[in-house]
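Visitor: Submitted below is the structure of interest, expressed as structure tokens.
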Amino acid sequence: MTPSPVEFARHCLSTFTHFVPASLGAFYLIDDQLQARDFQLLGMHPQMHDAYLRHYRHLDPLQPGACLATGLPVVPLQAGQARQDEAQNREYQGFLRAHEVIDVVEVIAQAGERPVAGLSLLRCSGMPAFSGKELASLAALQGMMEAGVQALVPAAEPKLQGLTPREREIALLLREGIGNKQLARHLGVGLPTVKTHLLNLFRKVGASSRTELVAMLFL
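Take a look at the structure:
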């Protein structure tokens, strides 16, 4: 019998925190637009989570798209911050400090090339930062999570189904109106590579401009 998403989320949170203790945790599903949704929280006050969603989600260096860009199934906070603007990191660190969070690690499960679920583990003051040994343990557990999440995967939205994860990430960033320099910084590539990505994406979608591409994919 296939577990419900809530049951699976609770099982993952219980199992992961048994082997790698954490102060707080959250399990979530990832939609076709690389947005986290349907959160199940462990130990986290709803007001903290609400503040995150309202004011800090866009600053999170461990968002699904950002984690995907690292190519890692287990992404520590430091790795995410290394790919993000320093001003954004400072603002997000302020949010973490306000809740006494000293370290975060994200675990991402994929179906094929598509990320479908994630798990956040947070440590607050009084606990050490996640060690290399603990990150390796999380990588081993990630395989279990990835195998179990396959049954929870909804069909991809037709408009985005033909895009690779990187192309979906770029399309979402274009929807936010960012320029090529910001896009290069976010993806960790040079401007010529960004232009190549954009040309390939335009050809695949059949668009001739950013505005047309966004309209064709999201409107």
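Residues in the sequence shown are numbered from 1 upward in steps of one, following UniProt numbering. Don't be surprised by glycine CBs; every beta carbon is placed ideally from N, CA and C.
(1) Specify the secondary structure class of Ala215 as computed by DSSP and reduced to three states.
(2) Please report the straight-line C-alpha distance between Gln63 and Ala36, rounded to a whole angstrom.
(3) Okay, do the segment 134-154 and the segment 95-107 touch, 3+ Cβ pairs below 8 Å being the bar?
(4) Put Val20 into one of helix, strand or coil per three-state DSSP.
(5) Can you tell me the Cα-Cα spacing of Thr193 and Val205, whole angstroms?
(6) Taking Leu34 as the reference, which of Pro21, Pro115, His49, Gly179 has the closest Cα?
(7) Put Arg210 into one of helix, strand or coil per three-state DSSP.
(8) Touching or not, the segment 175-192 and the segment 82-89, by the rule of three or more beta carbon pairs under 8 Å?
(9) Alpha carbon to alpha carbon, how far is Tyr92 from His11?
(10) On the DSSP letters alone, give me the boundaries of the beta strand (DSSP E) that Arg37 sits inside.
(11) For Thr196 and Pro21, I'd like the C-alpha separation in whole angstroms.
Guide: For this structure:
(1) Per DSSP, reduced to three states, the secondary structure at Ala215 is helical.
(2) C-alpha separation (whole angstroms): 8 Å.
(3) Below 8 Å, enough C-beta pairs join the segment 134-154 and the segment 95-107 to call them touching: three or more.
(4) In the displayed model, Val20 falls within coil according to three-state DSSP, outside both helix and strand.
(5) A straight line joining the alpha-carbon of Thr193 with that of Val205 spans about 18 Å.
(6) It is Pro115 whose Cα lies nearest to the Cα of Leu34.
(7) Looking at Arg210 - three-state DSSP - the assignment turns out to be helix.
(8) Here the segment 175-192 lies against the segment 82-89, with 3 or more beta-carbon pairs under 8 Å apart.
(9) If you draw a straight line from the Cα of Tyr92 to the Cα of His11, it comes to about 29 Å.
(10) Arg37 -> beta strand (DSSP E) spans 36-42.
(11) If you take the alpha carbons of Thr196 and Pro21, they lie about 43 Å apart.
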